[in-house]
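In the numbering used here, the protein residues as written are -14 to 236.
Even glycine gets a Cβ: it sits at the ideal position worked out from N, Cα and C.
These notes are about the structure you will find just below.
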Amino acid sequence: RNIYPQSVHVTFRNIKWAVLVVTLGIYYLLPFVRWDRGPNAPSQAVLIDFPNRRFYFFFIEIWPQEVYYLTGLLILAAGCFWMSRMNFDIGPGQVVWPRVVTVAGLGLIFAPLNVAAYLYTPLALRGAAVGLFALLRNEGGSVGTSLGQTITERREQFHTLRLNESLDSLNPAVTSYLDQTQPGYLQQTGDPAATQQMALQSLENLRAHHASLLAYFDCFLLFAALALGLSALVPAMKRSVATKGAHVAAE
-14 RNIYPQSVHV
-4 TFRNIKWAVL
6 VVTLGIYYLL
16 PFVRWDRGPN
26 APSQAVLIDF
36 PNRRFYFFFI
46 EIWPQEVYYL
56 TGLLILAAGC
66 FWMSRMNFDI
76 GPGQVVWPRV
86 VTVAGLGLIF
96 APLNVAAYLY
106 TPLALRGAAV
116 GLFALLRNEG
126 GSVGTSLGQT
136 ITERREQFHT
146 LRLNESLDSL
156 NPAVTSYLDQ
166 TQPGYLQQTG
176 DPAATQQMAL
186 QSLENLRAHH
196 ASLLAYFDCF
206 LLFAALALGL
216 SALVPAMKRS
226 VATKGAHVAA
236 E
């Protein structure tokens, strides 16, 4: 009996061929795309220039030190986005790793930023520059903390109003929660009126807790979007190039 292979046309196979065609097209055709950058500059649209330590992507030009900023901002955005995807069942161990990723991104940003800040400062003024930079960093942290607190409070009000839309006597989940909590309070107090009041207060506390968590996660989502937006501004930064043999970080 002869066996003949049959052509397969399913969703994932079609996606595979589409991705294959697009990626191979980029790989083979992109080197022929030109981009005018003026005299004495490469005209290839996408180019990694190892001798001159440059990366060109159409109108974007990235220098080596800018890779730290881009990587740090992208890692920071990934950590904040990871944190914003958490739910109400998270534990302490689940919160640690997104924070580790976030702190790693901040380290990649501030380490080269400190060097660039002191590069053009005379040696005699670097002591004062260190104090001024620390002051500005603390001021920025205070502004960021206040901004995060304000956003959290506004989003908490928003989520509280949204949760109130479902908290009524016609909601089966609400009635089920009250029916489950009232017997325990009745054993403690023996007063049906106080039992009902305590059950409603427990439901209100649960609503406030959920609204606070949702607002907390919204802040991380906003910070992730902000980090991605700042990463697009990295090529527009002033380039700082130290002379050969200079040890700026050791000062």
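DSSP places Ile75 in no beta strand (DSSP E); its state is neither H nor E.
About 5 Å separates the beta carbon of Cys204 from that of Thr137, a gap short enough to meet the 8 Å contact definition.
The stretch 207 to 218 makes contact with the stretch 51 to 64: 3 or more CB pairs, one atom from each, lie closer than 8 Å. Taking the C-beta atoms as reference points, Cys65 is found no nearer than 7 Å to Ala200. DSSP, read as helix, strand or coil, puts Asp164 in helix.
Taking Ser187 as reference, the option from Leu207, Asp164, Arg111 and Leu198 with the minimal CA-CA separation is Asp164. Ranked by Cα distance from Phe73, the first of Ala26, Ser197, Arg39 and Leu117 is Ser197. Relative to the Cα of Trp20, the nearest Cα in the group Val31, Thr(-4) and Gly116 belongs to Val31. By alpha-carbon distance to Ala26, the top candidate from Val4, Gly78 and Phe40 is Phe40.
Ranking Arg(-14), Val159 and Ala3 by CA distance to the CA of Arg192 puts Val159 first. By the C-beta density criterion, Gly10 is exposed, having fewer than 16 other C-beta atoms within 10 angstroms. It is roughly 16 Å from the alpha-carbon of Asn123 to the alpha-carbon of Ala96. Secondary-structure assignment with DSSP links Glu46 through a beta bridge to Tyr41.
Between Ala102 and Phe118, the gap from beta carbon to beta carbon is short of 7 Å. Between Ser151 and Phe44, the alpha-carbon positions lie close to 51 Å from each other. Between the alpha carbons of Met68 and Asn37 lies a distance of about 39 Å. Judged by beta-carbon spacing, Ala184 lies within the 7 Å limit of Gln167, meaning their Cβ atoms are closer than that value. Residue environment for Thr135: exposed (fewer than 16 other C-beta atoms within 10 angstroms of its C-beta).
DSSP places Ile(-12) outside both helix and strand once states are collapsed to three, so it counts as coil.
Following the DSSP letters along the chain, one finds Asp203 inside the alpha helix (DSSP H) bounded by residues Pro177 to Ser216.
With at least 16 other beta carbons inside 10 angstroms of its own, His144 counts as buried. A straight line joining the alpha-carbon of Ile94 with that of Tyr53 spans about 6 Å.
Residue state for Val88 is assigned as helix, using DSSP reduced to three classes.
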